[in-house]
Structures are given as C-alpha cells and as structure tokens.
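Residue numbers (the numbering used here): 13 to 246.
Structural data, given as structure tokens:
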C-alpha cells in the first residue's frame, strides 16, 4: 500500500492558507493616500473652490476672448464668424437678390446644391422628398420640399395628414423660412448655425426654391468635375 506524501499535503495547505492570511492585511491598507490609485479623490478644480494651481487662486477661469456659447441662440456672433440672428423679412436680402438676378445665379445655386447635399440631404433627400438616409434608418420624416405629382399629393393626404399639412405650408414658405430654420433649427431639426455660414444658408434657400419650381426635373446644373473627368497632365 502506497503511503501519502505528507510533504505535498503540507505544501498544499500552506499555499491555501497564505491568501486567507493576507486578506486582513490588505483590508488595512489605505490606497487613497496615493492619488494614482483613487479616481474619486483626483485633483481637479471644483465649482466655487479655490485652486492652488493658478496664481490668483481662482478655480473658475475667465472666459477666453471669442468663446462661442452653444446655448445662447439669439446672440449675434458675427465677430467670431457665426451669426445666429434670424432674418425678419420674407424675401432675400438685397445683396443676395442682386446675385440671383445677375450672372452669379448659377454659381449661387451650385453652391447651394453642394451645401444642401452635405448637410440637408441626409434627412430631406437629394430630391427634397424627405426620404434621406437618416429617415430610412428611423429618424422623424421631414415635410417634402416638392410635390412631384398629384398622385403623390393624394397619397400623402390620405396616409399622413399631419405631414401633408407641413408639406403644404413649405411649398409657399418664403426664403427666410429656410434661412431661419438652418440658423435656429425647426421641429426635430437642430440648428446648423455653427456649421453653415449665412451666405451659404441663403444659397441653400435659393436652391430649395428653385427645386420647388421644377419638382419633376430637379435643378439642372452641370456636374462638378471629378478627378477622373480632368484631362491627364501632359
């Protein structure tokens, strides 16, 4: 009969007992005395508390010149390149209307199309039907900028009267409505005031009004050249 290995059993008991004996010792350690081990007591400036880091002992720092506050909508921030003031009139400003009545019409509409496709088409769709990719993923569907046919009009009236009411309003909305919607947001749409500068907002408004005037064909503009379209260097 084989005798048990007492040395092996003794070693196993010692290894099992060591962690149990170490627990009371670890419980007495105060790791909070080491800043690197405690995220709760990390050094930071707290509200209305003094700070030992700055010479003036103030934890609250003065606002840097040119700081833009995202929450204040009705402030003219043209000095820092962002303007949130709404346009009170219905039509285009005189300088914008002058461009639309002159040789700058095409360039203005092309610019409006570019900005629209970047910022607006994700919800409103490139044809203005309110069927952008975000809407297809479940976002609130916006009103349609255009009514492509009487059949589409009748279908919308029956299936979604609320959306039809908004779509009907948008057909005769003045350019300033689109400018102000971009500036401050409208309904489920948030403000694009920090993304689209005022001149581009008017260009988008002009593009939308042109799109509404030609709902079936869309705005006919020459496509921008792509790298593949450019002639090879000689």
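Here a beta-carbon is modelled for each residue, glycine too, at the ideal position from N, C-alpha and C. Since the model is a prediction, treat every value here as computed from it, not as a measurement.
Item, Value
"For residue 190, three-class secondary structure by DSSP", "helix"
"Interface flag, residue 163 vs chain B, CB-CB below 7 angstroms", "Here chain B cannot be found, since the structure has a single protein chain."
"Cβ pair residue 219, residue 137 closer than 7 angstroms", "no"
"Identity of the residues DSSP links to residue 198 by a beta bridge", "201"
"Rounded straight-line distance, which links the Cα of residue 191 to that of residue 210", "8 angstroms"
"Proximity to residue 105 [Cα-Cα], best of 224, 226, 222, 215", "215"
"Closest by C-alpha distance to residue 59, when choosing among 68, 53, 73", "73"
"Same chain, Cβ closer than 6 angstroms to residue 200, five either side skipped, listed in chain order", "152"
"Residue 111 versus residue 154: straight-line alpha-carbon distance, rounded", "29 angstroms"
"Close beta carbons around residue 207, own chain, < 8 angstroms, minus the five adjacent residues each side", "131"
"6 angstroms CB neighbourhood of residue 183 in its chain, flanking five on each side removed", "none"
"Length of the line joining the Cα atoms of residue 32 and residue 149", "55 angstroms"
"Where residue 108 falls, given that 16 or more other Cβ within 10 Å makes a residue buried", "buried"
"Three-state secondary structure assigned by DSSP to residue 111", "helix"
"Host alpha helix (DSSP H) of residue 225 (start-end)", "210-225"
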